[in-house]
Amino acid sequence: MSPASQSPSESAHPEIHLAQQPDADALLGRSPLAALVGMLLDQQVPMEWAFSGPYTIASRLGADDLDAHEIAARDPEEFAALLSEKPAVHRYPGSMAQRVQQLCRFLVEEYGGDARAVWADAATGKELLARLQALPGFGKQKAQIFLALLGKQYGVRPTGWREAAGAYGEQGAYRSAADITGPESLAKVRAHKQEMKAAAKAAKAAKDPKRSGN
């Protein structure tokens, strides 16, 4: 069986609940580019805000999906203004507009504008992780989270995908966007992130008690 044959068929889109909005989640389920852009936007804002972004962008472009060629060719100032309209697509719409265009240009140059091609023929999880890390705006952590999301919710499961995704690939975990399937799991992921932040803050204070301040 080839890696591509492990993906959901065109007529069987996964049911996604990352945006917590039916129309935005439906777009994430049927559009590989929307999923990538949502993951790109997922930093320094609540996850629902980030993953609603692709639907907002498509709506403002007057389309029912995102097109990498169109976004890549857009005037940067106009595209930044589009993302900055109220309500803004992100807390930092200008810089994120630049990143979205960089991602789309890369997809056009390397994959003919087809986001699905990033993972369609990846033979192993390690290969797919390397492809994801090569995307503009995708460091190792973001790439591992998206790899876990593809495996857990999109049916994209090349050999060794869980191992390549690290802790984010673990079954039954509530660490990231990959584990969100509804409001309950969203709350668990959010609680986990808060625990991680508190632990990091405590560790930093323990190393430098003077700066923790009394």
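In the UniProt record's numbering, the protein residues as written are 1 to 214. Glycine is no exception: its CB is placed at the ideal position from the N, C-alpha and C atoms. These numbers come from a predicted model, not from an experiment.
Between Phe146 and Met39, the C-beta spacing is below 7 Å. For Val37, the uninterrupted alpha helix (DSSP H) run begins and ends at 32–41, by DSSP. The shortest CA-to-CA distance from Lys142 to any of Tyr154, Ala167, Gly160 is the one to Ala167. In the assembly as shown, Lys152 is a buried residue. Its beta-carbon has 16 or more other beta-carbons within 10 Å. Note on His69: under 16 other CB atoms within 10 angstroms of its CB, so exposed under the neighbour-count rule. Taking a contact as a CB-CB distance under 8 Å, the pair Leu129 and Ala164 counts as one, their CB atoms being some 4 Å apart. CA-to-CA, the gap between Gln43 and Glu170 works out to about 22 Å. Thr181 sits in coil when the DSSP states are folded into three classes, being neither helix nor strand. Here Gly137 is near Arg99, since their CB atoms are less than 7 Å apart. By a beta-carbon distance limit of 8 Å, Arg131 does not contact Ala123. Their separation comes to about 11 Å.
Taking the Cα of Arg162 as reference, the smallest distance to any Cα among Thr181, Gly125, Lys188 is reached at Gly125.
By the criterion of a C-beta distance shorter than 6 Å, Gln144 is surrounded in its chain by Ala165, Gly166, Tyr168, once the five residues flanking it on both sides are discounted. Phe146: member of the alpha helix (DSSP H) spanning 140–153, first to last residue.
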